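Residue numbers (the numbering used here): 303 to 396.
Down below is the structure, laid out as structure tokens.
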């Protein structure tokens, strides 16, 4: 789920990871909170993408697609089209 919120970071109790990103998202004008479930976190880990960069990428995809929520199947479908955004998020979160 992507929803406006202040910049911050916290772990939810085994339900996934909640990351607040804003300044870390290229071209983002509003801070965002991204909730990533365990499968999405594992996907990022498997691809060697930091949680912060992954959250940034998910925000970029969600904003570009006008989605309030981004599921794992959405990421599977849309990820190939957002590789430049992923590269920018990785660079911004090194």
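Where a beta carbon is used, it is the ideal one built from N, C-alpha and C, also for glycine.
Quantities reported herein were computed from a predicted structural model and do not represent experimental measurements.
Could you give the DSSP three-state label for residue 329: helix, strand or coil? Its pLDDT being 45, under 50, residue 329 is placed unreliably in this model, and the value from its coordinates should be taken loosely. In this structure, DSSP gives residue 329 a state outside helix and strand, which the three-state scheme calls coil.
Check your understanding: Quick one: what's got a C-beta closer than 6 Å to residue 356's C-beta in the same chain, skipping five residues either side?
Key -> 346
* **Exposure of residue 348, with buried meaning 16 or more beta-carbon neighbours within 10 Å** => Exposed is the call here.
_Buried or exposed (CB count within 10 angstroms, at least 16 for buried), residue 341_ = exposed
- [ ] Rounded to whole angstroms, what's the CA-CA distance from residue 366 to residue 392? Just pull it up for me.
- [x] 18 Å
Residue 380 - DSSP class collapsed to helix/strand/coil: helix
Would you kindly work out how many angstroms separate the C-alpha atoms of residue 373 and residue 359, rounded to a whole number?
One C-alpha to the other measures close to 13 Å.
- Task: Would you decide whether residue 362 is buried or exposed? Buried here means 16 or more other CB atoms lie within 10 Å of its CB.
- Result: buried
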